[in-house]
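Chains as they are written, first to last, in the numbering used here: chain A, 22 to 378; chain B, 1218 to 1538.
Each residue gets a CB set at the ideal place from its N, CA and C atoms; glycine is no exception.
All remarks here apply to the structure that follows.
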Amino acid sequence: MKTEIFVSKINFLRVVDENGNADESLFPKDLDSGTLVRMYRLMLLSREFDAKVLSLQRQGRAVTYAPLLGEEATQIGSALAMRPSDIFVPSFRQHGVFIARGMPMDIMLVYWRGYEEGNIIPKEVNGTPIIVPVSTQLPHAAGMAFAQLYNKTGASVLVYVGDGGTSEGDFYEAINFAGVWRLPLIVIIENNQWAISEPRSRQTASQTLAQKAVAAGIDSIQVDGNDVIAVYSATRDAILSGKPTVIECITYRMGLHTTSDDPTKYRTDSELEAWKQKDPISRMKKYLESKNLWNEEMEKKAAAEDAALIDNAVETAEKFKPNPRSIYEHVYSYMPETLKEELDEAEANNFWQGVTE
Amino acid sequence: MMANMVTAINNALEQIMTENEKIVLLGEDIGIDGGVFRVTEGLINKFGERRVIDTPLAESGIIGASIGMALSGMHPIPEIQFAGFMFLGFGQLINHASRFRSRTRSTMSLPMVVRTPVSGGVRTLEHHSDSPEAYYSHIGGLIVVEPSNPYDAKGLLIKASRMNDPVIFLEPTKLYRLFKQEVPEEMYEIPIGKANLIREGEDLTIITYGTMLHEVTSVVKKKNLNADVIDLRTINPIDEAAILKSVRKTGRVAIVHEASLSFGVGAEIAARIADKAIFDLKAPIVRVGSASLPYPFPGYENYHIPNEAKISKAIDRLMTS
Ligand SMILES: Cc1ncc(C[n+]2csc(CCOP(=O)(O)OP(=O)(O)O)c2C)c(N)n1
Ligand SMILES: [Mg+2]
């Protein structure tokens, strides 16, 4: 006997198209006009913040930075779908998620100026710090999701990973764990088509990244990641379902991998140009304008407000004075004598005198 | 030719691949991008994408697959983008690469060279500045090499590529483009397992390697020290004979490395000297390393890495006790 025992399918969701036209039948009912405007404004703010950090880096006022340009809808749509009690676990490019969750931008800038103090996240933001080793945050998120079940909090955990990150073992291990225990884990794959210089096609022969969830026995969907409404809708549904879910957001890294990267080495201008036509921000703007929720005057006012907020954050961040003792003081829950001796030696001998950062 | 470390390694790789067609390179972004430090620049054009393989983003996979290639008559040279990410493949190195030979009584060996950038001092993000040489040396079965200059980098890499062992080849990021030096066009080997006495003196011995060699040299010059300076070049197996010979002559020894002080290479060297030459010592052995804590963020790294003040103070202590 030979018979088909399993078939699977992956849905693709888009609510608002590139011209700003919405499919009303798919439009999430819970989105009021205030939230729609807020979504747009957060996308604008994220893009402005991003441009600012990039320019600070170019002036030697920030360390290596990973821009989010082009990925605003994926980040803001998913972030706004979270309830305050839901927890987010970023990798290293989710500046928009942090901003949307109320992370003070000056603290974010302290991270990008190269200090651990930039990882001090206010409680209400309900997220974990930036994680640099790709995909290693996914098992953490699975564990955190288990804890939500264990502690009966009813909260979900949203974890972010790139297209490249789905090749790591930790990705599979996390979704597998989530499947077995039916954990409230939502994996947002921010598929920006590139992992540094390697295109998506170099990562997997799989037709979609969403279908990787199938083998873990969990739900998944692919969404237009430049459509903030679609991202919101899919994420909100997944959160409300309480089930482990993978959401693949199709977006594009319009900028550099990081400030150390030169994309002209490996990709064409025409590819970038094509994606610029699908810009997530102009798409939402068209939609809002068509509903009379937005106009040029509001845009100008928003830009001025955002610039002031960002300048303020930069000023505060640049006032931060690093304390070299802090690198010793937070290694353990107590200060071991041998470490204290190393610290005392450094201070007593002025090893730090004249040190530049 | 005048070459920095990047060019020297690139040149070595090109010659190695031309010499031995069993050699392939594999890693993340090593193809058209030429690696994030451009060490493999241009090699894909010359050797094609089956010999310069852009792999999926998976370090355990890269090292595990390299082991499989090595078991099957190939000679892989995987690149791990940064040493901090090699820990994702640590299991493959410790559980397999280190002991395939011994557990098959040399019927199966693993000719492979794992290249990775190490150490800090260049303001990189978290996990991009680790100095992991002690981990790989501790297990046994992995040869651990770390050049401190372009000339050594080329010669050591050529030698490593002709061995029938897994070699961990650590390339200090800070030294990639720090300086150029005359590097022969032709292929040449630098022996593995042999330290390099780069400066001779009578009063003290300074043992170091990698990034710290340059700090040490500067301190020696400024203080006008009459010192033997030993560049280990190979961390494991360590050149104990060279160390003991020098220590027996000078009777005073300082060991300087960028890796954290505790449980490090310095501890190993100090213990060997204590075992075999303690009665030749005129003063207690002095060790200098980074603070005993995980590598901090870039804004703090210069408070962490040993600087000239710290090395100088340690040497004062050594010379006056
Ligand atoms: C384990 C690990 N390996 C390698 C790197 C170096 N690295 C940083 S980002 C990156 C590509 C990530 O691609 P993707 O997951 O698609 O995320 P994106 O950068 O596109 O947001 C690589 C290889 C790393 N940070 N961690
Ligand atoms: Mg990507």
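Inspect the beta-carbon positions of E1475 (chain B) and S1315 (chain B) and report whether they are closer than 7 Å. Stepping through the second sequence from its first residue, residue 1475 (chain B) is reached at position 258. Stepping through the second sequence from its first residue, residue 1315 (chain B) is reached at position 98. No, they are not a contact pair.
Outcome for A1370 (chain B) when other beta-carbon atoms lying within 10 angstroms are tallied against a minimum of 16: By one-based count along the second sequence, residue 1370 (chain B) stands at place 153. It is buried - the Cβ of A1370 (chain B) has at least 16 other Cβ atoms within 10 Å.
Check the Cβ of V153 (chain A) against every Cβ in chain B and list those closer than 7 Å, keeping chain order. Residue numbering aside, residue 153 (chain A) sits at position 132 when the first sequence is read from its first letter. In chain order: L1342, E1343 and H1344.
Output yes or no for whether 7 Å exceeds the beta carbon distance between F1400 (chain B) and Y1368 (chain B). By 1-based counting over the second sequence, the position of residue 1400 (chain B) is 183. By 1-based counting over the second sequence, the position of residue 1368 (chain B) is 151. Checking the displayed sequence, the identity of residue 1400 (chain B) turns out to be Val instead of Phe. It is a contact, given that the beta carbons lie within the stated cut-off.
Would you decide whether D71 (chain A) is buried or exposed? Buried here means 16 or more other CB atoms lie within 10 Å of its CB. For the purposes of this step, residue 71 (chain A) is identified with residue 50 of the first sequence, where counting begins at 1. The residue is buried, with at least 16 neighbouring Cβ atoms inside 10 Å.
Under the rule that 16 or more other beta-carbon atoms within 10 Å means buried, what is P1454 (chain B), buried or exposed? On the second sequence, residue 1454 (chain B) is found 237 positions in, with the first residue counted as 1. It is exposed - the Cβ of P1454 (chain B) has fewer than 16 other Cβ atoms within 10 Å.
Taking the straight line between their C-alpha atoms, what separation do you get for W315 (chain A) and V58 (chain A)? Looking up residue 315 (chain A) in the first sequence gives position 294. Looking up residue 58 (chain A) in the first sequence gives position 37. So the two alpha carbons sit approximately 8 Å from each other.
Comparing the C-beta of Q158 (chain A) with each C-beta of chain B, is any distance below 7 Å? Walking along the first sequence from the start, residue 158 (chain A) turns up at place 137. Q158 (chain A) does not count as touching chain B.
Where does I239 (chain A) fall in DSSP's three states? By one-based count along the first sequence, residue 239 (chain A) stands at place 218. It is coil, neither helix nor strand.
6 Å CB neighbourhood of L1449 (chain B) in its chain, flanking five on each side removed: For the purposes of this step, residue 1449 (chain B) is taken as residue 232 along the second sequence, with counting starting at 1. A1412 and Y1426, listed in sequence order.
On the criterion of 16 or more Cβ atoms from any shown chain inside 10 Å, does F1496 (chain B) qualify as buried, or is it exposed? Position 279 of the second sequence, counted from the first residue, corresponds to residue 1496 (chain B). Burial call: exposed.
Look at the Cβ atom of E1343 (chain B), then the Cβ atom of V153 (chain A), and state whether they are nearer than 7 Å. Here residue 1343 (chain B) is taken as the residue at index 126 of the second sequence, counted from 1. Here residue 153 (chain A) is taken as the residue at index 132 of the first sequence, counted from 1. Yes.
C-beta contact flag for M1218 (chain B) and E1402 (chain B) at 7 Å: Position 1 of the second sequence, counted from the first residue, corresponds to residue 1218 (chain B). Position 185 of the second sequence, counted from the first residue, corresponds to residue 1402 (chain B). A contact, by the Cβ cut-off of 7 Å.
Beta-carbon spacing of N1381 (chain B), S1346 (chain B) below 7 Å: Here residue 1381 (chain B) corresponds to residue number 164 of the second sequence, with the count starting at 1. Here residue 1346 (chain B) corresponds to residue number 129 of the second sequence, with the count starting at 1. Cβ atoms of N1381 (chain B) and S1346 (chain B): not closer than 7 Å.
Taking K361 (chain A) as the query, report the chain B residues whose CB atoms sit under 7 Å from its CB, ordered along the chain. Along the first sequence, read from residue 1 onward, the residue named residue 361 (chain A) stands at position 340. What K361 (chain A) touches in chain B: nothing, since even the nearest Cβ is about 11 Å away.
Which first and last residues belong to the beta strand (DSSP E) in which T1451 (chain B) is found? Mapped onto the second sequence, residue 1451 (chain B) falls at position 234. Run containing T1451 (chain B): T1451 to N1453, per the beta strand (DSSP E) assignment.
Could you name the residues of the same chain whose beta carbon sits closer than 6 Å to that of I1311 (chain B), not counting the 5 residues immediately before and after it, in chain order? Within the second sequence, residue 1311 (chain B) is the residue found at index 94, counting from 1. So the list reads I1356, once near-sequence residues are dropped.
Hey, would you say I209 (chain A) sits closer than 7 Å to S311 (chain A), going by beta carbons? By one-based count along the first sequence, residue 209 (chain A) stands at place 188. By one-based count along the first sequence, residue 311 (chain A) stands at place 290. Taking 7 Å as the Cβ cut-off, I209 (chain A) and S311 (chain A) do not qualify as a contacting pair.
Do A199 (chain A) and A255 (chain A) have their C-beta atoms closer together than 7 Å? Within the first sequence, residue 199 (chain A) is the residue found at index 178, counting from 1. Within the first sequence, residue 255 (chain A) is the residue found at index 234, counting from 1. Going by C-beta atoms, A199 (chain A) is not nearer than 7 Å to A255 (chain A).
Assigned exposure category for I141 (chain A) - 16 Cβ within 10 Å defines buried: Stepping through the first sequence from its first residue, residue 141 (chain A) is reached at position 120. Exposed is the call here.
Endpoints, alpha helix (DSSP H) assigned at S1323 (chain B): Along the second sequence, one-based indexing puts residue 1323 (chain B) at 106. Here S1323 (chain B) belongs to no alpha helix (DSSP H), and DSSP marks it neither H nor E.
Does T95 (chain A) have its Cβ less than 7 Å from a Cβ in chain B? Counting from 1 along the first sequence, the entry for residue 95 (chain A) is found at position 74. Output row for T95 (chain A): interface = no.
Compare the Cα-Cα distances from G1248 (chain B) to each of B:E1266, B:E1238, B:E1231 and B:E1236 and report the closest residue. Taking the second sequence and counting its residues from 1, one reaches residue 1248 (chain B) at position 31. With distances taken between Cα atoms, G1248 (chain B) lies closest to B:E1266.
Quick one: does G1516 (chain B) have its CB under 7 Å from some CB of chain A? As a working mapping, residue 1516 (chain B) is identified with position 299 in the second sequence. Yes, its Cβ sits closer than 7 Å to a Cβ of chain A.
Is the separation between the beta-carbon of P205 (chain A) and that of A166 (chain A) shorter than 7 Å? By one-based count along the first sequence, residue 205 (chain A) stands at place 184. By one-based count along the first sequence, residue 166 (chain A) stands at place 145. Cβ distance < 7 Å, so P205 (chain A) and A166 (chain A) count as in contact.
Any C-beta of chain A under 7 Å from that of P1513 (chain B): Position 296 of the second sequence, counted from the start, is the residue given in the question as residue 1513 (chain B). Output row for P1513 (chain B): interface = yes.
Can you find a CB in chain A that lies within less than 7 Å of the CB of F1386 (chain B)? Counting from one through the second sequence, the residue named residue 1386 (chain B) turns up at place 169. Chain A contact via Cβ: absent.
Reference A168 (chain A); option with closest CA among A:W202, A:D38, A:S241 and A:L330: As a position in the first sequence, residue 168 (chain A) is number 147, starting the count at 1. Closest option to A168 (chain A), Cα to Cα, is A:W202.
Does Y136 (chain A) have its Cβ less than 7 Å from a Cβ in chain B? Position 115 of the first sequence, counting from 1, holds the residue named residue 136 (chain A). For Y136 (chain A), the answer is yes, since a Cβ of chain B falls inside 7 Å of its Cβ.
Contact test: E215 (chain A) Cβ vs ligand 2 heavy atom, cutoff 6 Å: Numbered from its first residue, the first sequence carries residue 215 (chain A) at position 194. Residue 215 (chain A) is actually Trp in this sequence, not Glu. It does: the Cβ of W215 (chain A) is within 6 Å (strictly closer) of some heavy atom of ligand 2.
Note down the Cα distance separating G1481 (chain B) from V1473 (chain B), rounded to an integer number of angstroms. Here residue 1481 (chain B) corresponds to residue number 264 of the second sequence, with the count starting at 1. Here residue 1473 (chain B) corresponds to residue number 256 of the second sequence, with the count starting at 1. Cα to Cα, the separation comes out at about 11 Å.
Quick check: the Cα distance between S241 (chain A) and N1237 (chain B), rounded to an integer number of angstroms? Your numbering for residue 241 (chain A) matches position 220 in the first sequence. Your numbering for residue 1237 (chain B) matches position 20 in the second sequence. Whole-angstrom Cα-Cα distance: 46 Å.
Alpha carbons only, please: which of A:Y86, A:L66, A:R79 and A:M103 is nearest the one belonging to A259 (chain A)? Taking the first residue of the first sequence as 1, we reach residue 259 (chain A) at position 238. Checked all of A:Y86, A:L66, A:R79 and A:M103; the closest Cα to A259 (chain A) is A:M103.
I'd like to know if D1533 (chain B) contacts chain A, where contact means its C-beta is closer than 7 Å to some C-beta of that chain. As a position in the second sequence, residue 1533 (chain B) is number 316, starting the count at 1. So no, D1533 (chain B) is outside the interface.
Cutoff 7 Å: Y253 (chain A) Cβ touching any chain B Cβ: By 1-based counting over the first sequence, the position of residue 253 (chain A) is 232. No, no contact with chain B.
For Q228 (chain A), which option in A:V74, A:N32 and A:M22 has the closest C-alpha, if you only look at C-alpha atoms? Taking the first sequence and counting its residues from 1, the one referred to as residue 228 (chain A) is at position 207. Nearest of A:V74, A:N32 and A:M22 to Q228 (chain A), Cα basis: A:N32.
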